[in-house]
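Colleague:
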Amino acid sequence: MTRDLPTRDTPAATFACAFAAAVLVYFHALSHFPLHIDTETQVVIGSIGQTIALGRWGIALLHATVLPEPAVAYFTPLLSLALLAAAAVAAETPFAFPPEQRWLFVAVFAGFPQFAYQLEFANQSVSLALGLFCTTAGGALWLRGGASRRVAAVALCAFGVGFYQSLLFVMPTLWAAAALHAVRSRGASTADVARSGMGAFALTLAAAVISVAIARAVQWWCGVPNAGGYLSQMVGWHRDGLAATLWAESSDLGAYVAGGRFYGNSLYALAPAAAVVVALSPCGPPVTLARRVAGVALGIVTVALPFALIVLLGAPPPPRTYLAEPVAVAALVTMALGLLPGGTAARGRMAAGVGAVVLLVACFHVSRLFYADSAALSADLLLGNRVVETIYRTDPGFDAARVPVWFAGAPAIHNVWRGADYDVFGASFFTWDGGNPMRIGAFLKVAGIADLRLASPADIARIRPAVASLPVWPDPRAVCLIDGVLVVRLGR
Numbered sequence: 044m045t046r047d048l049p050t051r052d053t054p055a056a057t058f059a060c061a062f063a064a065a066v067l068v069y070f071h072a073l074s075h076f077p078l079h080i081d082t083e084t085q086v087v088i089g090s091i092g093q094t095i096a097l098g099r100w101g102i103a104l105l106h107a108t109v110l111p112e113p114a115v116a117y118f119t120p121l122l123s124l125a126l127l128a129a130a131a132v133a134a135e136t137p138f139a140f141p142p143e144q145r146w147l148f149v150a151v152f153a154g155f156p157q158f159a160y161q162l163e164f165a166n167q168s169v170s171l172a173l174g175l176f177c178t179t180a181g182g183a184l185w186l187r188g189g190a191s192r193r194v195a196a197v198a199l200c201a202f203g204v205g206f207y208q209s210l211l212f213v214m215p216t217l218w219a220a221a222a223l224h225a226v227r228s229r230g231a232s233t234a235d236v237a238r239s240g241m242g243a244f245a246l247t248l249a250a251a252v253i254s255v256a257i258a259r260a261v262q263w264w265c266g267v268p269n270a271g272g273y274l275s276q277m278v279g280w281h282r283d284g285l286a287a288t289l290w291a292e293s294s295d296l297g298a299y300v301a302g303g304r305f306y307g308n309s310l311y312a313l314a315p316a317a318a319v320v321v322a323l324s325p326c327g328p329p330v331t332l333a334r335r336v337a338g339v340a341l342g343i344v345t346v347a348l349p350f351a352l353i354v355l356l357g358a359p360p361p362p363r364t365y366l367a368e369p370v371a372v373a374a375l376v377t378m379a380l381g382l383l384p385g386g387t388a389a390r391g392r393m394a395a396g397v398g399a400v401v402l403l404v405a406c407f408h409v410s411r412l413f414y415a416d417s418a419a420l421s422a423d424l425l426l427g428n429r430v431v432e433t434i435y436r437t438d439p440g441f442d443a444a445r446v447p448v449w450f451a452g453a454p455a456i457h458n459v460w461r462g463a464d465y466d467v468f469g470a471s472f473f474t475w476d477g478g479n480p481m482r483i484g485a486f487l488k489v490a491g492i493a494d495l496r497l498a499s500p501a502d503i504a505r506i507r508p509a510v511a512s513l514p515v516w517p518d519p520r521a522v523c524l525i526d527g528v529l530v531v532r533l534g535r
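Numbers 44 to 535, taken from this note's numbering, label the letters of the sequence shown in order.
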């Protein structure tokens with residue numbers, strides 16, 4: 044069996060391994076298609092204008108041309124996973140691992156749970172997976188060298204960053220991991236590392252500048268203002284003093300690297316553990332102190348780079364932004380496995396065992412996250428139907444097209460399947476944003492429960508004083524007609 048391994052080591056076989064790992068871990072997302080937060084507004088309103096405002100011109104381009112929104116059940120997550128598998132194959136090429144290590148790399152990359160936080164937002168999951176493929180393929184091309192390859196690398200990385208800005212950190216993470224592998228296994232000198240590092244920095248800078256320039260041009264052309272406020276809300280440098288922010292940053296960075304802060308990130312703890320093994324193991328000739336120091340430094344950089352936004356922003360951004368995590372953990376775990384004693388057969392068995400454990404743990408985490416969403420949707424559908432039934436019982440002649448409706452407040456909903464570190468997973472449409480009437484109305488429409496006319500700001504201002512005296516849902520008196528507006532007081 045082991046003798047046959049190299050003959051079966053083709054790009055198609057490597058892709059099949061990555062795709063199978065992704066399907067195993069994300070099968071719940073393939074077989075179920077619950078409505079997630081933001082899906083409802085993207086169906087009713089669309090997201091092209093919003094993505095242009097956010098500088099994600101790649102998503103807008105994709106939706107305006109070959110992949111119109113909204114997301115489609117089964118097809119959208121399936122295509123996302125196929126592109127994720129392709130990104131795994133592209134990311135492995137700079138390392139040129141032996142077959143048994145290569146398959147471990149792509150399996151860990153494609154099955155790492157972080158992508159769940161992108162797959163949750165189905166409307167952009169294909170775009171993000173395509174962006175991840177572009178940045179990994181661009182990084183791999185750059186590391187191969189040659190003028191034409193590097194021009195293509197800049198174009199690919201700029202295009203990838205146009206889908207999501209945090210993809211900018213994929214290329215430097217790939218460089219750091221590849222440089223560590225070169226130092227430990229290929230005899231690369233510190234001068235080689237310095238030269239390649241300058242090139243990686245140049246690629247990252249060029250991709251960022253080009254992508255931002257295109258984003259501004261698209262915003263100007265479409266007449267869409269830049270949503271700078273969205274990013275400024277994440278910046279933490281202005282909230283506290285420098286010392287307090289630096290202390291908080293170091294604490295956050297340490298927690299994320301150790302596998303904490305968001306559900307499913309526990310597997311990332313493998314990265315620093317593997318980095319220690321790789322950095323401290325005997326390196327190939329020539330053995331010098333400089334190369335040993337370079338190995339330790341590159342190990343630290345590889346582990347920390349996926350969380351560079353924490354340092355840049357002065358506060359931790361959402362879990363969906365750490366898109367370079369799979370690169371670091373897959374590379375470091377695979378390199379560490381290659382240092383184990385034994386022949387190809389022994390390493391192959393070890394790779395299969397490690398890969399199986401990682402994928403099963405990832406599947407456990409991802410399934411819990413998506414099931415929390417399924418439970419939330421079931422509860423929201425039940426609540427939505429009860430509210431609409433109460434509306435028609437309160438006013439049998441209610442005309443949904445004529446009478447405006449105001450959902451006031453947010454109900455008290457507890458999803459037992461949702462953990463505190465689940466981010467948006469398991470959230471209710473009725474409670475997100477503190478009870479947003481537009482979101483609730485869009486959800487009821489998309490779910491096929493009711494197509495309601497929402498109250499205007501003037502309507503709300505007129506009746507707000509009278510609403511304060513109403514009881515709160517589920518008291519049926521929480522639904523009543525006030526001055527021509529149908530009020531549903533869901534919370535205080």
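In this text, a Cβ means the ideal position worked out from N, Cα and C, and glycines have one as well.
Touch check for the stretch 258 to 268 and the stretch 95 to 111: three-plus C-beta pairs under 8 angstroms?
Modeller: Taking a contact to require three or more Cβ pairs closer than 8 angstroms, the stretch 258 to 268 and the stretch 95 to 111 qualify as touching.
Colleague: Assuming the contact rule is C-beta atoms closer than 8 angstroms, L131 and A153 should be a hit. Round their C-beta distance to whole Å, please.
Modeller: Going by the sequence as given, residue 131 is Ala instead of Leu. Correct: roughly 4 angstroms between the Cβ atoms.
Colleague: By the DSSP assignment, the beta strand (DSSP E) with W449 in it spans what residues?
Modeller: 447 to 451
Colleague: Could you check the C-alpha separation between S254 and V204 for me, to the nearest Å?
Modeller: Near 6 angstroms, if we compare the C-alpha coordinates of V204 and S254.
Colleague: Within 10 angstroms of the Cβ of P49, are there 16 or more other Cβ atoms? Answer buried if so, exposed if not.
Modeller: Any reading at P49 is ruled out, since the residue's pLDDT is 44, under 50, leaving its predicted position unreliable.
Colleague: Let me know the secondary structure DSSP gives L529 once reduced to three states.
Modeller: strand
Colleague: Using 8 angstroms as the threshold, is the stretch 404 to 411 in touch with the stretch 67 to 77, meaning 3 or more CB pairs across them?
Modeller: yes
Colleague: Please state the DSSP three-state secondary structure of L382.
Modeller: Here L382 sits in coil by DSSP.
Colleague: Give every residue of the same chain whose Cβ lies closer than 7 angstroms to the Cβ of T45, excluding the five residues on either side of it in the sequence, and list them in chain order.
Modeller: At T45, the pLDDT of 42 sits below 50, so the modelled position is not reliable; the number obtained from the coordinates is stated separately. Cβ within range, chain order: T387, A388, G391.
Colleague: Count the other CB atoms within 10 Å of the CB of L352; is the residue buried (16 or more) or exposed (fewer)?
Modeller: buried
Colleague: What does the alpha-carbon distance come out to for the pair R259 and V252?
Modeller: Answer to the nearest angstrom: the Cα atoms are 11 angstroms apart.
Colleague: With distances taken from CA atoms, which of L147, G92, A490 is nearest G398?
Modeller: L147
Colleague: Taking the beta carbon of D526 as the centre, do at least 16 other beta carbons fall within 10 Å, making it buried, or is it exposed?
Modeller: Exposed is the call here.
Colleague: In chain order, what residues of the same chain have a beta carbon less than 7 angstroms from the beta carbon of D47, not counting five sequence neighbours either side?
Modeller: In this prediction, D47 scores a pLDDT of 45, lower than 50, which makes its location untrustworthy; no coordinate-derived value is stated.
Colleague: Where S410 and H71 are concerned, what is the direct C-alpha to C-alpha distance, given to the nearest angstrom?
Modeller: 6 angstroms
Colleague: Cα-Cα, which of P439, I434, D423 is closest to I456?
Modeller: The shortest Cα separation from I456 among P439, I434, D423 belongs to D423.
Colleague: Let's test the definition: count the other Cβ atoms within 10 Å of the Cβ of F118 and tell me whether it reaches 16, buried, or not, exposed.
Modeller: exposed
Colleague: When you compare only the Cα positions, how much space is there between P517 and A444?
Modeller: Cα to Cα, the separation comes out at about 25 angstroms.
Colleague: Compute the beta-carbon to beta-carbon distance between L211 and A180, rounded to the nearest angstrom, for a pair I have assumed lies under 8 angstroms.
Modeller: Going by Cβ atoms, the distance from L211 to A180 rounds to 15 angstroms, so no, they are not a contact pair.
Colleague: Check for me: the alpha helix (DSSP H) holding S74 runs from which residue to which?
Modeller: 70 to 74
Colleague: Is the stretch 349 to 367 close to the stretch 291 to 302, with three or more CB pairs under 8 angstroms?
Modeller: yes
Colleague: May I ask which residues mark the beginning and end of the alpha helix (DSSP H) holding A287?
Modeller: Its alpha helix (DSSP H) spans residues 285 to 300.
Colleague: For the pair the stretch 335 to 347 and the stretch 189 to 199, tell me if three or more CB-CB distances fall below 8 angstroms.
Modeller: By the C-beta criterion, the stretch 335 to 347 is judged not to be in contact with the stretch 189 to 199, since fewer than 3 inter-stretch pairs fall below 8 angstroms.
Colleague: So, with DSSP's three-state summary, where would you put L497?
Modeller: strand
Colleague: Just to confirm, is the Cβ distance from E83 to A485 under 7 angstroms?
Modeller: yes
Colleague: Go to Q157, then tell me how far its alpha helix (DSSP H) extends in each direction, as first and last residue.
Modeller: Per DSSP, Q157 belongs to no alpha helix (DSSP H) and is neither H nor E.
Colleague: Please identify the residue among A395, F468, G381 whose C-alpha is closest to the C-alpha of A418.
Modeller: F468
Colleague: Threshold first: 3 residues or longer. Then list the beta strand (DSSP E) segments lying entirely within the stretch 397 to 482, N to C.
Modeller: 447 to 451
Colleague: Thinking C-beta only, is A220 closer than 7 angstroms to A59?
Modeller: Contact: no.
Colleague: Pick from A56, D81, A63: whose alpha carbon is nearest that of L73?
Modeller: A63
Colleague: For L513, does the three-state DSSP call read helix, strand or coil?
Modeller: coil
Colleague: Please tell me whether L497 and P480 are closer than 7 angstroms, where the distance is taken between their beta carbons.
Modeller: yes
Colleague: Would DSSP call V267 helix, strand or coil?
Modeller: Three-state result, V267: coil.
Colleague: Give every residue of the same chain whose Cβ lies closer than 6 angstroms to the Cβ of T437, excluding the five residues on either side of it in the sequence, and list them in chain order.
Modeller: V522
Colleague: Around the C-beta of E432, are 16 or more other C-beta atoms found within 10 angstroms, so that it is buried, or is it exposed?
Modeller: exposed
Colleague: Rounded to whole angstroms, how far is the Cβ of R559 from the Cβ of A451, which I believe are closer than 8 angstroms?
Modeller: Absent from the structure is residue 559, since the part of the chain shown begins at 44 and ends at 535.
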